[in-house]
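Residue numbers (UniProt numbering): 1 to 193.
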């Protein structure tokens, strides 16, 4: 294969990857605006500014679109938390900040992601990715305790606080989330470390 053929193939691949990312971002935007029920190949393609056939080409089913969108959101959360950890921050502080942001500035996006996560109850293909947030929280809690019940309690509390944050009119502060999670960690894990 000539150098020109390789370059041409790489260019097509790059354009295809860019179009795929654009469709994923458009899916999240549609879910933010209309909920999961608003996701169709046509609505996503229109949001992305591409032909509907492109959406079908890259994502054969609606589940494929939803899976890609949820995967992208989960990867973004993981990257945020890992960046915080690498900067020397505490994981629980990071989770508290993320939940607080979800109730304020990031509310629309968080609501869309929460709706996508809930779709996992009916769409098994989404379940492994939907569990990703819970796995991140469990890993963070595991750095503070080895007690499985305490770790599970922190995960359940974080889920509940997220739901509460999305239902309340006023944002929840990171300090409040932090207090709740640390109460579980320190109040429930005495002697278990």
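Heads up, the beta-carbon is just placed ideally off N, CA and C, and yes, glycines get one too.
Between the C-alpha atoms of residue 54 and residue 71, what's the straight-line distance to the nearest angstrom? 20 Å
Three CB pairs or more closer than 8 Å across the region 151-165 and the region 133-140: yes
Quick one, are the C-beta atoms of residue 81 and residue 123 less than 9 Å apart? no
Compare the beta carbon distance of residue 117 and residue 68 with 9 Å and say whether it is the shorter of the two. no
If you reduce the DSSP assignment to three classes, tell me which class residue 144 lands in. coil
Quick one: grab the DSSP three-state call for residue 61. coil
If you drop the 5 nearest sequence neighbours on each side, which residues of the same chain put their C-beta closer than 6 Å to that of residue 15? none
Local conformation of residue 118 per DSSP, three classes: helix
Just the C-alpha distance for residue 158 and residue 29, rounded to the nearest angstrom, thanks. 25 Å
For residue 48, which option in 166, 22 and 98 has the closest C-alpha, if you only look at C-alpha atoms? 22
Alpha-carbon spacing of residue 120 relative to residue 126, whole angstroms: 5 Å
Residues in the same chain with beta-carbon distance under 6 Å from residue 113, minus the five sequence neighbours each way, listed in chain order, please. 73
Selected residue, minimal CA-CA separation from residue 129, among 10, 142 and 75: 75
Let's see if you can read the secondary structure: which residues bound the alpha helix (DSSP H) around residue 129? 127-130
Can you look up residue 17 in the DSSP assignment and give me helix, strand or coil? helix
Which whole-angstrom value describes the C-beta separation of residue 166 and residue 110, a residue pair presumed to lie in contact below a C-beta threshold of 8 Å? 6 Å
C-alpha gap between residue 94 and residue 133, whole angstroms: 13 Å
Going by DSSP, what residue range makes up the alpha helix (DSSP H) through residue 43? 41-48
Given this structure, state the Cα-to-Cα distance separating residue 12 from residue 42, to the nearest angstrom. 23 Å
Quick one: does the C-beta of residue 132 sit closer than 8 Å to a heavy atom of the ligand MG? In the structure on display, the ligand MG does not appear, and there are no ligands present to speak of.
Enumerate in chain order the residues of its own chain whose CB-to-CB distance from residue 63 is below 7 Å, with the five nearest sequence positions on each side excluded. 123 and 125
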